[in-house]
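The working numbering puts the last residue of the sequence shown at 417; the count rises by one with no breaks.
Where a beta carbon is used, it is the ideal one built from N, C-alpha and C, also for glycine.
Every value quoted in this text rests on a predicted model; they were computed, and no experiment measured them.
Step one of this worksheet: look at the structure below.
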Amino acid sequence: MNKPTQALDTNSVMFITQRPEVIMVEGRGSWIVDNNGKRYLDFLQGWAVNCLGHSNTGMIEALNAQAKKLINPSPAFYNEPMIGLSNLLTANSCFNKVFFANSGAEANEGAIKLARKWGQLNKNGAFEIITFDHSFHGRTLATMSASGKPGWDTMFAPQVAGFPKADLNDIDSVKKLVNDKTVAVMIEPVQGEGGVIPATAEFMRELRQFTKENNVLLIVDEVQAGCGRTGTLFAYQHFGIEPDIMTLGKGIGGGVPLAALLATDAVACFVPGDQGGTYNGNPLMTAVGISVIEQLLAPGFLSEVKRKGELLKTELLDLSSEFHLEGERGEGLLRALMLGKDIGGKLVELARDRAPEGLLINSPRPNLLRFMPALNISDDEIRQMCAILRELLKQVD
Ligand SMILES: *Cc1c(COP(=O)(O)O)cnc(C)c1O
Numbered sequence: 021m022n023k024p025t026q027a028l029d030t031n032s033v034m035f036i037t038q039r040p041e042v043i044m045v046e047g048r049g050s051w052i053v054d055n056n057g058k059r060y061l062d063f064l065q066g067w068a069v070n071c072l073g074h075s076n077t078g079m080i081e082a083l084n085a086q087a088k089k090l091i092n093p094s095p096a097f098y099n100e101p102m103i104g105l106s107n108l109l110t111a112n113s114c115f116n117k118v119f120f121a122n123s124g125a126e127a128n129e130g131a132i133k134l135a136r137k138w139g140q141l142n143k144n145g146a147f148e149i150i151t152f153d154h155s156f157h158g159r160t161l162a163t164m165s166a167s168g169k170p171g172w173d174t175m176f177a178p179q180v181a182g183f184p185k186a187d188l189n190d191i192d193s194v195k196k197l198v199n200d201k202t203v204a205v206m207i208e209p210v211q212g213e214g215g216v217i218p219a220t221a222e223f224m225r226e227l228r229q230f231t232k233e234n235n236v237l238l239i240v241d242e243v244q245a246g247c248g249r250t251g252t253l254f255a256y257q258h259f260g261i262e263p264d265i266m267t268l269g270k271g272i273g274g275g276v277p278l279a280a281l282l283a284t285d286a287v288a289c290f291v292p293g294d295q296g297g298t299y300n301g302n303p304l305m306t307a308v309g310i311s312v313i314e315q316l317l318a319p320g321f322l323s324e325v326k327r328k329g330e331l332l333k334t335e336l337l338d339l340s341s342e343f344h345l346e347g348e349r350g351e352g353l354l355r356a357l358m359l360g361k362d363i364g365g366k367l368v369e370l371a372r373d374r375a376p377e378g379l380l381i382n383s384p385r386p387n388l389l390r391f392m393p394a395l396n397i398s399d400d401e402i403r404q405m406c407a408i409l410r411e412l413l414k415q416v417d
């Protein structure tokens, strides 16, 4: 039966979240345009995904060229971009082996399975993975169980067992949870969804030392903080440590569904049958990943991310003192403004609905705003965003 389609008849779209009554139709750089032709300055960028902004030329060329050449030979065969991207990632990190996935949650599932497998082979079946309060690791059953989001422990009960929770930046809270069954600690170097809370360098170093001494693996979930977001290619590189396992997502695909599980030789213990997936390592997505990583590694790119992070920080601190807010925090171009009161949701709406141009920001907690712009955003666009925020803060004051 043919039903007439209407632009705004959204009934067939499964309801999973409240969405505004607009349709996003195109994007370029730091700007996205809706079906009414309204432009928005985009500090969401697909949820910290479009690290090179909308419609990046290099990505489009890689996608087009690969689409014409080979889209999917099946995961039973090697393909050129899969090998190229693996080599690029291992050459620029402390890891030796890469498995590609399609989402951050899937990469983390792989990390959990790899750690448990390693525990079976090396630690008498130890399987517990210590994670942290307010952490976020994804929306599959195991990664929801690993996450420390309030309320998630009972949401789809029963949970997957084996994820005791410690407190971020409190090494004693980790030590208390370690026992014979502990196989790994999994941590976001900067808690993203939890409200942009960086792990301290001291804590990360203590954690690495303690896990090493106790034959416990260290897994860094860099799905949000990795791929240049904090000003280094990978966030763990800030701390002078080498984790055993890392997961990447979001930025690695610059907007297309691509994620990765990386491990050192000592830990990469999967045997045939343990891990797989129909789309894993497909050349279409990994070709885009190569373009993204090469652009992040271009001379001067990451130092510019650091510089722009400092500019955003300075501008946010100015706003904070002007409006008596509670400062800002973050690393590189993943930052939050602490509002001191629960006006985050209101500001997000006002920013989006502002005329003639809107602003897209996000409030992972009601008392703060999060900023995750394209890493190649201009200084001018950073100042423009803060000028809009200034105007909105006056409005709600
Ligand atoms: C977004 C995110 C995930 C989940 O990634 P998906 O691609 O949405 O499955 C996992 N960990 C962290 C730290 C994230 O920010």
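Taking the CA atoms as reference points, N92 sits about 17 Å from S106. In the DSSP assignment, D62 falls within the beta strand (DSSP E) that extends over 59 to 62.
Secondary structure at L90: coil, using DSSP grouped into helix, strand and coil.
The region 243 to 252 and the region 67 to 78 touch, with no fewer than 3 CB-CB distances between them shorter than 8 Å. When the beta-carbon positions are compared, M405 and F147 stay at least 7 Å from each other.
In the DSSP assignment, the residues bridged to Q211 are I217.
When DSSP states are grouped into helix, strand and coil, K143 belongs to the coil group. Taken in chain order, the complete beta strand (DSSP E) segments of 3 or more residues contained in the region 308 to 361 are 348 to 351, 354 to 358. The Cβ-Cβ distance between G274 and L141 does not fall below 7 Å. Look at F183: its beta carbon is at least 6 Å from all of the heavy atoms in ligand 1.
In the DSSP assignment, F120 forms a beta bridge with A280. Cβ-Cβ distances below 7 Å link A186 to I150, F152, S193, V194, L197 in the same chain, with the five nearest sequence neighbours on each side left out; the list follows chain order. Leaving aside the five residues that flank E81 on each side, the residues in its chain whose CB is nearer than 8 Å to its CB run, in chain order, S311. Between ligand 1 and the CB of Q65, the shortest heavy atom gap is not smaller than 6 Å.
Not one heavy atom of ligand 1 is found less than 6 Å from the C-beta of G47.
Using a Cβ distance threshold of 7 Å, K137 and A283 do not count as a contacting pair.
The residue among T334, V180, L268 with its C-alpha nearest the C-alpha of V240 is L268. Residues L134, K137 of the same chain have their beta carbon placed closer than 7 Å to that of F290, with the five preceding and five following residues left out of the count.
Boundaries for E377: no beta strand (DSSP E) harbours it, and the DSSP string shows neither H nor E there. Closest option to S398, judged by alpha-carbon separation, among T37, G49, L28, W172: G49. Between the alpha carbons of L278 and P376 lies a distance of about 35 Å. Ranking A288, L28, R228 by CA distance to the CA of N55 puts L28 first. Boundaries of the alpha helix (DSSP H) around R403: 399 to 416. For E148, the pairing in a beta bridge is given by DSSP as T202.
Membership of G365 in the alpha helix (DSSP H) is indicated by the continuous run 364 to 373. About 14 Å separates the Cβ atoms of T163 and A204, ruling out a contact at the 8 Å cut-off. If you ignore the 5 residues before and after W51, its C-beta comes within less than 8 Å of the C-beta of R59, Y60, L61, D62, H74, all in its own chain and listed in chain order. Ranking Q86, T110, D294, G360 by CA distance to the CA of P101 puts Q86 first. Boundaries of the alpha helix (DSSP H) around L197: 191 to 197. Per the coordinates, the alpha-carbon of A288 lies some 50 Å from the alpha-carbon of R374. Residue pairing by DSSP places A186 opposite F152 in a beta bridge.
Assigned with DSSP and collapsed to three states, F35 falls in coil, not helix or strand.
Remark: the shortest separation between the CB of F119 and any heavy atom of ligand 1 does not fall under 6 Å.
When the alpha-carbon of R159 is set against those of S123, N199, N84, the nearest one is in S123. Excluding five sequence positions before and after A371, the CB atoms of its chain that fall closer than 8 Å to its own CB belong to G378, L379, L380, I381, I408, L409, L412, given in chain order.
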